[in-house]
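Q:
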Amino acid sequence: MRDGMIESDVLVVGGGLVGLSLGIGLAQGGLDVVVVDREAPASQTLPAFDGRVSAIAHASRQALQALGIWRHLEAAEPILDIRVTDGTSPLFVHYDHREVGAEPFGHMVENRHLRLALQGAVNETPGLRLLAPAAVTVLERRPAAVHARLADGRTVRAALVVGAEGRNSPTREAAGIRTTTWSYGQAGIVCTVGHERPHQGVAQERFLPAGPFAILPMTGSRSSLVWTEREDLAAALLALPEAEFLAELGRRFGDYLGKLEVEGPRWSYPLSFLHAERYIDHRLALAGDAAHGIHPISGQGLNLGLRDVATLVEILVGQARLGLDLGDPLALAAYERWRRVDTFVLGAITDGLNRLFSNDIAPVRLVRDLGLGIVEQLPPLKRVFMRHARGDMGDLPGLLRGEPV
Amino acid sequence: MSAAAAPSVDPAEVERFARMAEAWWDPLGQFRPLHVLNPVRLGYIREQAIARFGLDPKARRVLDGLSLLDIGCGGGLVAEPLARLGAEVTGIDAAERNIAIARAHAAESGVAVQYRAASAEALAAEGRQFDIVLALEIVEHVADLGAFMDAACALVKPGGLIVLATLNRTPKAFALAIVGAEWVLRWLPRGTHDWRKFVRPSELARELRRSGMALSEVRGVTYSPLADRWSLSGDTAVNYMLAATKPAG
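One line per chain: the protein sequences are A and B, in this order.
According to this note's numbering, the residues represented by the first sequence are 14 to 418, in order.
According to this note's numbering, the residues represented by the second sequence are 725 to 973, in order.
1) Of all the CB atoms in chain B, is at least one closer than 9 angstroms to the CB of Gly331 of chain A?
2) From what residue to what residue does the beta strand (DSSP E) around Ala289 of chain A run?
3) For the putative contact between Arg185 of chain A and Ala289 of chain A, defined by C-beta atoms under 8 angstroms, what is the C-beta separation to the nearest angstrom?
4) Taking only beta-carbon positions, decide if Leu752 of chain B is within less than 9 angstroms of chain A.
5) What does Leu259 of chain A reach in chain B if we use C-beta pairs closer than 8 angstroms?
6) Per the DSSP calculation, Met231 of chain A is bridged to which residue(s)?
7) CB-CB under 6 angstroms to Ala929 of chain B, same chain, minus the five flanking residues each way: which ones, in chain order?
8) Got a sec? Which residues, its chain only, sit under 7 angstroms from Ala247 of chain A by beta carbon, not counting five neighbours each side?
9) So, do the segment 173-181 of chain A and the segment 69-89 of chain A have three or more beta carbon pairs nearer to each other than 8 angstroms?
10) What are the complete alpha helix (DSSP H) segments, minimum 4 residues, inside the segment 27-98 of chain A?
11) Helix, strand or coil: how does DSSP classify Arg15 of chain A here?
12) Assign Arg185 of chain A to one of three DSSP states: helix, strand, or coil.
13) By the criterion of Cβ-Cβ separation under 7 angstroms, what are the contact partners of Gly672 of chain B in chain A?
14) What residues are listed by DSSP as bridge partners for Asp794 of chain B?
15) Taking CB distances under 9 angstroms as the criterion, tell me whether Ala298 of chain A reaches chain B.
16) Is any beta-carbon of chain A found at less than 9 angstroms from that of His759 of chain B?
17) Round the Cβ separation of Glu274 of chain A and Leu412 of chain A to the nearest angstrom and send it over; I've been treating them as touching at under 8 angstroms.
18) Between His120 of chain A and Ile69 of chain A, which are expected to be in contact by the criterion C-beta below 8 angstroms, what is the C-beta distance as a whole number of angstroms?
19) Compute the distance between the beta-carbons of Tyr269 of chain A and Arg353 of chain A, then report whether it is under 9 angstroms.
20) Give the single residue among A:Trp351, A:Gly42 and A:Pro60 whose Cα lies nearest to the Cα of Leu696 of chain B.
21) Whose C-beta lies closer than 6 angstroms to the C-beta of Val175 of chain A among residues of the same chain, with five residues either side of it excluded?
22) With which residues is Asn963 of chain B paired in a DSSP beta bridge?
23) Can you give me the C-alpha to C-alpha distance between Ala773 of chain B and Leu909 of chain B, rounded to a whole angstrom?
24) Within the chosen definition, does the segment 811-825 of chain B reach the segment 781-799 of chain B through at least 3 CB pairs nearer than 8 angstroms?
25) Distance check for Arg74 of chain A and Ser67 of chain A, CA to CA, integer angstroms please.
26) Rounded to the nearest angstrom, what separates Leu131 of chain A and Ser34 of chain A at their Cα positions?
27) Closer than 9 angstroms between beta carbons: that is the criterion. Which residues of the segment 917-932 of chain B meet it against chain A?
28) Using only the alpha-carbon positions, how far apart do Gly331 of chain A and Thr324 of chain A sit?
29) Mind checking if Ala11 of chain A is an interface residue toward chain B, Cβ cutoff 9 angstroms exclusive?
30) Helix, strand or coil: how does DSSP classify Pro882 of chain B here?
31) Please confirm if Leu250 of chain A has its CB atom under 9 angstroms from at least one CB of chain B.
32) Assuming Phe266 of chain A is part of the alpha helix (DSSP H), what are its boundary residues?
33) Excluding the five sequence neighbours on either side, which residues of its own chain have a C-beta within less than 7 angstroms of the C-beta of Trp911 of chain B, listed in chain order?
34) So, is Leu806 of chain B buried or exposed, given that buried needs 16 or more other C-beta atoms within 10 angstroms?
35) When the Cα atoms are used, what is the spatial distance from Ile902 of chain B to Ala347 of chain A?
36) Leaving out five residues before and five after Gly340 of chain A in sequence, what residues of the same chain have Cβ atoms less than 7 angstroms from its Cβ?
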């Protein structure tokens, strides 16, 4: 360091789930990484910071294990079966993990626990410096390097900056990268429900007229709900007294797990779609929701972010091992090519699924009931869907196959 | 002895490359094919050096402490990355302008490389020796292969390593490297290569043996158009790389 100048290989702006995973992966590959986040680490793990639960697909878990993050996790509940139903229709698709291998489809993990596990891994990763709370005030992407001035007067120099601040990424906006974006007019109500009987590792995805209603297994006799409603209705539901909220919830949840109770606070997150027109620019790459925010219908948002992480780690560590420039436009183009198709296809599928299922028009219902029945009758097609759920389709970077950096 | 007067340097070839040199460092520009080729070349050099000197493949500066000479370094595309890996790199090129460009770029990226407008023969005459000597895409451009190889091998320290990359003199190489790369795809300006000067692996091996070097490996380098990527292969009919070592003491 000279005069408050911090030298590094990669500067990651945003120390959330994606940003920290990336920092850990790159540092394990021998790079000097600086991660900057606005929030102090301690405040990010308070119960009030993030009430969401993430479905960690099989491939993502392999990556988290290889990165040494998984073993810091306090709790994770395996998803053994996935049942997809359309409203009250008796037809449904049943995915049993044993049809594609011995491993569960994925695990349900509370975001708060994931943040704690990441901090545990950060503390044992030399080569990674987490500067938080800190903010980038000026970001200059010069021909040979990136210079970032921080609010506290320090400067970080790096060969590459990665924007991983989530949907409203200031790094993306400053680079003038436009986005395709729309709101679904829906909100996802999120809460934890305790139930009388055990869930036996079954995840339920129900397509109700207002949108998907997902029951996701958590540790103990608890499940996490992701309950999609029109935005105005969601606000009204959130404001209901406890007993009335539980009654509304029970009508959709059913009684198959016995008596229900709501545990802890209820949350609501607006649902929208966002896709950046480019993932890269001069000495810049976007990762996670800064590049793509998809509808949470299939629980793939964080998994896509972790796929970005695994891909960037593979490409950048590969560059460093050959002594090549980490901001090399050819390397960045390879990252974009690798990730963009995957992301856009999944985004389009989940968007289409949501539009197809968020209505109650009789012919559409019939088609989709038949559709679900057909998927159930065609084992090879079903295996493709199931492997997507596990996140192990396509040409995978090493981390997603569980190989250490 | 001035660089241009050395017997292995063909002045017409030197001038042609000097004209192209300014665009050297733009990975998306005229020299894109060279940038796309670079990872496989660097990977091969790294792999051979690790094997020869028993280096730690996990070390960021894997080549720390080794001296390396890049003959015909051009704009420094290979020299700079290898200096980042810890090698003490000397880059020589017969074209003054290439050296000027390489120096300017190294200063901008803050990488330490010794650049000099000189020929291999001139350095050999000074008695200089290096742990690793590189001659990448050079032997197909020299006027006198025997004289060049004598000098290049003399520049290797006992126990050291030489790595060469070039084009084979086969009909397939004519079709791909001349017709394909120069006439059709225009990856390279027409006239960059003269097929008659391409060198067969057996000819290179003979030159190396004559200088007392032990051939360690010949690998083909092939392009996959779909992936836009080069990789090592068993097909040496067009591009190939070759490594040889000088017995210790």
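The C-beta atom is built at its ideal place from N, Cα and C for all residues, glycine as well.
All values reported here derive from a predicted model rather than from experimental measurement.
A: Here's the rundown:
1) yes
2) Leu273 to Ala289
3) 6 angstroms
4) yes
5) Neighbours of Leu259 of chain A on chain B: none; closest Cβ ~55 angstroms, over 8 angstroms.
6) A:Arg235
7) Leu939
8) Ala200, Ile202 and Ser281
9) no
10) 30-41, 54-57 and 71-79
11) Here Arg15 of chain A scores only 48 on pLDDT, less than 50, and its place in the model should not be relied on; the value that follows carries that caveat. Strand at Arg15 of chain A.
12) helix
13) Outside the shown range of chain B, which is 725 to 973, sits residue 672 of chain B, and nothing can be said about it.
14) B:Gly815 and B:Leu858
15) no
16) yes
17) That belief does not hold up - the Cβ atoms of Glu274 of chain A and Leu412 of chain A are roughly 39 angstroms apart, past 8 angstroms.
18) 5 angstroms
19) no
20) Residue 696 of chain B lies beyond the stretch modelled for chain B, which goes from 725 to 973, so this question has no answer here.
21) Val25, Ala298 and Ala300
22) B:Leu891 and B:Val945
23) 34 angstroms
24) yes
25) 12 angstroms
26) 7 angstroms
27) none
28) 11 angstroms
29) The displayed coordinates of chain A run from 14 to 418. Any statement about residue 11 of chain A would go beyond what the structure contains.
30) strand
31) no
32) Glu255 to Phe266
33) Pro757 and Ala905
34) buried
35) 27 angstroms
36) Ala172, Leu173 and Arg296
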